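J.: Line by line, the protein sequences are chains A and B. By the numbering used here, the letter at position 23 of the first sequence is numbered 36, and the numbering carries on one by one without gaps. By the numbering used here, the letter at position 73 of the second sequence is numbered 106, and the numbering carries on one by one without gaps. The structure that follows is given in the form of structure tokens.
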Amino acid sequence: MTKDDFWEGVRGGFPIMLAASPFGALFGALAVDNGFTIADAVFMSATVYAGASQMVGIELFGNHVQPWLVVLSVFAVNFRHVLYSASIAKYVRHFTFGQKFLAFFLLVDPQYAETEKRGERGLPITFSWYLGFGLIIYIPWIINTLAGAVFGQLIGDPKAIGLDVLLPVYFMGLVMGFRKRDRFLPIVTVSGLASIAGMHFVGSPWHVSIGALAGIVLAALLPPSNQAVAPTGIEKEA
Amino acid sequence: MDPQHLNLIYLIIAAAVATFLTRVGGYILITQMKEIPPRLEAALNAVPAAVLTTLVAPAFVYGGLDVTIAMFVAFAIALGLNLSTLRMLVIGWVVVMVIRHVVM
């Protein structure tokens, strides 16, 4: 029974693993391009295990942003997980302490979505199923990072093969993923303009904190809208 | 290991701890807290878009004409056809490669 659950999880996670693989390799290549060693890149994938925030982390690190801001940004990009772990609390209450620890470590976007879906259908959420689903995404993520990092080290000029355009486009895609959120346009407009102004008048890396702060303060100051603040939903992550 | 590299290791560990805190935080909070103040919630809700935009806008403006064009084309097509991030990446990459190796 337990074994069946595990393999059911593995089968469920398999297509997601395939979809996430290019991003793992991309992360590895870009991390090396931003001054990481191969081991650093693999270490980050194995310990942080959150694609979008890893990309943010290496980009900021490559731009010599202050360490506290790198960590804060990683925290900010991953903040949605707070909602996930709150939301699936009711399904994982029966896990042991150690199982919970591991389960929350593996709580990436698709893991959340699938757990929620399964729970809503009334299917049992066993630790075996959860672990199978999680590991079939986690382990290839590390292997793909390694492959990408090795490949990245072989590249002489990242610009010649167009690597430099990938991160901005990737981040643009992530930003667009939030477009259904409350006051998306004013926040993005203000953050964008403030970061450009920050880049122009103060310089990198301060444009990140200046732009981010401008958008966040605006969101806090705007009068609450009638539209209920919908819970963030599931943002797509690599 | 040289001190600078050691700092990077510490940075990665700090990022891992911060990430884990977000993944376990909701579970802990839900058993403690009843309601998040609405303005705090609005601010938190704005954090990802606000942070990520600061990584996009300067590249769009200062990244060079080829990057600007690639970003714009990828944006327009992805928005129009509701494409995934991966497809959008491919479009942006193809455009920049064509400009660099074919047009120029």
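For each residue, glycine too, the CB sits at the ideal point set by N, CA and C. Note that this is a predicted model, so its numbers are computed, not measured.
Would you check if the distance between the CB atom of leucine 159 (chain A) and the CB atom of isoleucine 51 (chain A) is smaller than 9 Å?
T.: Closer than 9 Å, so yes.
J.: Decide yes or no for the touch test of the segment 194-202 of chain A against the segment 163-175 of chain A: beta carbon pairs closer than 8 Å, at least 3 of them.
T.: No, they do not touch.
J.: Can we say the segment 113-129 of chain A touches the segment 64-78 of chain B, given the rule of at least three CB pairs closer than 8 Å?
T.: Counting Cβ pairs under 8 Å, fewer than three are found: no touch.
J.: Nearest CA to the CA of phenylalanine 36 (chain A): which residue from B:Val129, B:Val135, B:Val136 and B:Ser117?
T.: Minimum Cα distance to phenylalanine 36 (chain A) is reached at B:Ser117.
J.: Using 9 Å as the limit for Cβ to Cβ distance, is methionine 30 (chain A) near chain B?
T.: Cβ-Cβ to chain B under 9 Å: no for methionine 30 (chain A).
J.: Counting only beta-carbon atoms, is methionine 104 (chain B) nearer than 9 Å to chain A?
T.: Interface residue, yes.
J.: With 9 Å as the threshold, decide whether the Cβ of isoleucine 46 (chain B) is near any Cβ in chain A.
T.: Closer than 9 Å: yes.
J.: Please list the partners that asparagine 91 (chain A) has in chain B, where partner means a Cβ-to-Cβ separation under 8 Å.
T.: Correct list: Ala51, Thr52, Thr55 and Arg56.
J.: If you drop the 5 nearest sequence neighbours on each side, which residues of the same chain put their C-beta closer than 8 Å to that of glycine 160 (chain B)?
T.: Missing from the structure shown is residue 160 (chain B); chain B here goes from 34 to 137 and no further.
J.: In angstroms, rounded to a whole number, what distance separates the CA positions of isoleucine 63 (chain B) and phenylalanine 53 (chain B)?
T.: Near 16 Å, if we compare the C-alpha coordinates of phenylalanine 53 (chain B) and isoleucine 63 (chain B).
J.: To the nearest angstrom, how far is it from the Cα of aspartate 99 (chain B) to the Cα of valine 163 (chain A)?
T.: Answer to the nearest angstrom: the Cα atoms are 27 Å apart.
J.: Taking the straight line between their C-alpha atoms, what separation do you get for isoleucine 155 (chain A) and leucine 82 (chain A)?
T.: Straight-line Cα distance between these residues: approximately 25 Å.
J.: Can you list, in chain order, the residues of its chain with a C-beta nearer than 8 Å to that of phenylalanine 20 (chain A)? Leave out the 5 residues immediately preceding and following it.
T.: The sequence shown places tryptophan at residue 20 (chain A), rather than the phenylalanine named in the question. So the qualifying residues of the chain are Gly145.
J.: Mind listing the chain A neighbours of methionine 130 (chain B)? Cutoff is C-beta to C-beta under 8 Å, in chain order.
T.: Within 8 Å Cβ-Cβ: Ile174 and Gly175.
J.: What does the alpha-carbon distance come out to for the pair isoleucine 138 (chain A) and isoleucine 149 (chain A)?
T.: Whole-angstrom Cα-Cα distance: 17 Å.
J.: Could you tell me the alpha carbon to alpha carbon distance between methionine 121 (chain B) and isoleucine 110 (chain B), rounded to whole angstroms?
T.: C-alpha separation (whole angstroms): 8 Å.
J.: Please tell me whether arginine 131 (chain A) has its Cβ less than 9 Å away from any Cβ of chain B.
T.: No - not a single Cβ of chain B is within 9 Å of the one on arginine 131 (chain A).
J.: Quick one: is methionine 121 (chain B) near chain A, going by C-beta distance under 9 Å?
T.: At least one chain A Cβ lies under 9 Å of methionine 121 (chain B).
J.: Going by DSSP, what residue range makes up the alpha helix (DSSP H) through isoleucine 51 (chain A)?
T.: Here the alpha helix (DSSP H) through isoleucine 51 (chain A) covers 51-60.
J.: Rank A:Ala233, A:Gly132, A:Gly224 and A:Ile101 by C-alpha distance to the C-alpha of serine 86 (chain A) and give the top, closest one.
T.: Selected option, being the one with the closest Cα: A:Gly224.
J.: Drop a sphere of 10 angstroms on the beta-carbon of leucine 187 (chain A), count the other beta-carbons inside from all chains shown, and report buried for 16 or more, exposed for fewer.
T.: Classification for leucine 187 (chain A): buried.
J.: So, using beta-carbon positions, are serine 66 (chain A) and alanine 90 (chain B) closer together than 9 Å?
T.: Going by C-beta atoms, serine 66 (chain A) is not nearer than 9 Å to alanine 90 (chain B).
J.: So the candidates are B:Val84, B:Arg133 and B:Val131; which of them puts its Cα closest to the Cα of proline 218 (chain A)?
T.: Among B:Val84, B:Arg133 and B:Val131, the Cα nearest to that of proline 218 (chain A) belongs to B:Val84.
J.: Below 9 Å between beta carbons: does that hold for phenylalanine 88 (chain A) and threonine 55 (chain B)?
T.: Yes. Within cutoff.
J.: Taking 6 Å as the limit between beta carbons, can you name the residues of its chain near valine 203 (chain A), skipping five residues before and five after?
T.: The answer, listed in chain order, is Ala227, Gly228 and Leu231.
J.: In whole angstroms, give me the CA-to-CA distance for arginine 134 (chain A) and valine 182 (chain A).
T.: In a straight line, the C-alpha of arginine 134 (chain A) is about 36 Å away from that of valine 182 (chain A).
J.: For chain B, check one thing: does any of its Cβ atoms lie closer than 9 Å to the Cβ of phenylalanine 146 (chain A)?
T.: Cβ-Cβ to chain B under 9 Å: no for phenylalanine 146 (chain A).
J.: Name the chain B residues that come within less than 7 Å of alanine 225 (chain A), Cβ to Cβ?
T.: Going along chain B in sequence order, the residues near alanine 225 (chain A) (Cβ under 7 Å) are Ala83, Val84 and Thr87.
J.: Between the beta-carbon of glycine 41 (chain A) and the beta-carbon of serine 58 (chain A), is there less than 9 Å?
T.: Cβ atoms of glycine 41 (chain A) and serine 58 (chain A): closer than 9 Å.
J.: Could you give the residue range of the alpha helix (DSSP H) that holds leucine 85 (chain B)?
T.: From DSSP, the alpha helix (DSSP H) with leucine 85 (chain B) extends over 71-95.
J.: Skipping 5 residues on each side, what residues in its chain have a beta carbon closer than 7 Å to that of histidine 220 (chain A)?
T.: Answer for histidine 220 (chain A): Ser208, Gly211 and Met212, listed in chain order.
J.: Between tyrosine 253 (chain A) and the rest of its own chain, which residues show a CB-CB distance below 6 Å, the 5 nearest in sequence each way excluded?
T.: This structure leaves residue 253 (chain A) out entirely; chain A is present only between 14 and 251.
J.: Alpha carbon to alpha carbon, what distance is there between valine 23 (chain A) and serine 141 (chain A)?
T.: Cα-Cα distance, rounded: 10 Å.
J.: Just to make sure I have the definition right: I need the residues of chain A whose C-beta is within less than 8 Å of the C-beta of glycine 59 (chain B). Which are they?
T.: Residues of chain A passing the Cβ test: His94, Val95, Leu96, Tyr97, Ser98, Ala99, Ser100 and Ala102.
J.: Return helix, strand or coil for glycine 48 (chain A), following the three-state DSSP convention.
T.: Correct three-state label for glycine 48 (chain A): coil.
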